[in-house]
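The structure appears below as structure tokens.
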Amino acid sequence: MPDSYHTIGTDQWQILLPGDWAYKPPEGDRDRPAPFYFESADGTKAAYLSVFDRTDPDIPALTALATWRDHEITNLHAMADHQWEILEEWAHEEDGTAISGSDCLARAHGYRILCLRMTRHSWLVRASLHDYECTDYATSQQYFQPIVDSFAPVIA
15 MPDSYHTIGT
25 DQWQILLPGD
35 WAYKPPEGDR
45 DRPAPFYFES
55 ADGTKAAYLS
65 VFDRTDPDIP
75 ALTALATWRD
85 HEITNLHAMA
95 DHQWEILEEW
105 AHEEDGTAIS
115 GSDCLARAHG
125 YRILCLRMTR
135 HSWLVRASLH
145 DYECTDYATS
155 QQYFQPIVDS
165 FAPVIA
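Quick note on numbering: the working numbering labels position 38 of the sequence shown as 52, and the sequence is numbered without any gaps.
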């Protein structure tokens, strides 16, 4: 378990990442904005954070998150050499903020991805948490649960 955490976010949302995780700038020439990438010191765990403007904020928040979820799951299943299991999914809306998540595991590769999504008003944020060496699911759950629990709106 991490000894310390850093708060990453804006005035509208936040997530806590372990203290040994460092920001890694995107490599190469980028024609479009890249997600923010953070990686653990040993390189076995990582997070991709992306923020988007919602093109149609009149669509119900949970519907918008379901569209993103479907896109993410389709992309996982497009990985030809990985068989992904969706172990758990959740979605809820409270006080104008919707949050959803998908816990995905490619067991044969020891690769776990937690897809987290949050939207409020006109913005949507995605946090994709990766465990590249998930050899013990329970240990991975214990490690990532504080991060998942910290993914929340900032209410002033």
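Note that CB positions come from ideal geometry on N, CA and C, so glycine has one too.
Relative to the C-alpha of residue i, which residue among the options is closest?
i           : options            : result
residue 139 : 66, 24, 107, 55    : 66
residue 97  : 155, 119, 127, 107 : 119
residue 148 : 26, 167, 72, 60    : 60
residue 169 : 142, 146, 110, 122 : 110
residue 156 : 128, 99, 92, 62    : 128
residue 108 : 95, 122, 133, 41   : 133
residue 105 : 64, 166, 70        : 166
residue 37  : 26, 27, 57, 25     : 57
residue 121 : 161, 150, 24, 84   : 150
residue 123 : 89, 88, 161, 95    : 95
residue 35  : 22, 27, 28         : 22
Less than 7 Å between the beta carbons of residue i and residue j, yes or no?
i           : j           : result
residue 126 : residue 164 : no
residue 114 : residue 79  : yes
residue 136 : residue 68  : yes
residue 30  : residue 141 : no
Can you give me the Cβ contacts of residue i inside the same chain, cut-off strictly under 6 Å, excluding the 5 residues immediately before and after it?
i          : result
residue 82 : 131
residue 86 : 129
What residue range is occupied by the uninterrupted alpha helix (DSSP H) comprising residue i?
i           : result
residue 80  : 75–91
residue 159 : 151–164
Once you ignore the five residues that flank residue i on each side, which residues in its own chain have a CB closer than 7 Å to its CB?
i          : result
residue 33 : 16, 17, 18, 19, 20
residue 26 : 134, 137, 167, 168
In terms of residues, what are the limits of the beta strand (DSSP E) holding residue i?
i           : result
residue 129 : 125–134
residue 146 : No beta strand (DSSP E) contains residue 146, which DSSP labels as neither H nor E.
residue 28  : 27–32
residue 117 : 111–120
residue 67  : 59–67
residue 22  : 19–23
For residue i, which residues in the same chain have their Cβ closer than 8 Å to its Cβ, ignoring the five residues on either side in sequence?
i           : result
residue 231 : Residue 231 lies beyond the stretch modelled for the chain, which goes from 15 to 170, so this question has no answer here.
residue 100 : 87, 116, 117, 118
| Does the stretch 73–81 touch the stretch 50–59, meaning 3 or more C-beta pairs lie closer than 8 Å? | No, the stretch 50–59 does not touch the stretch 73–81.
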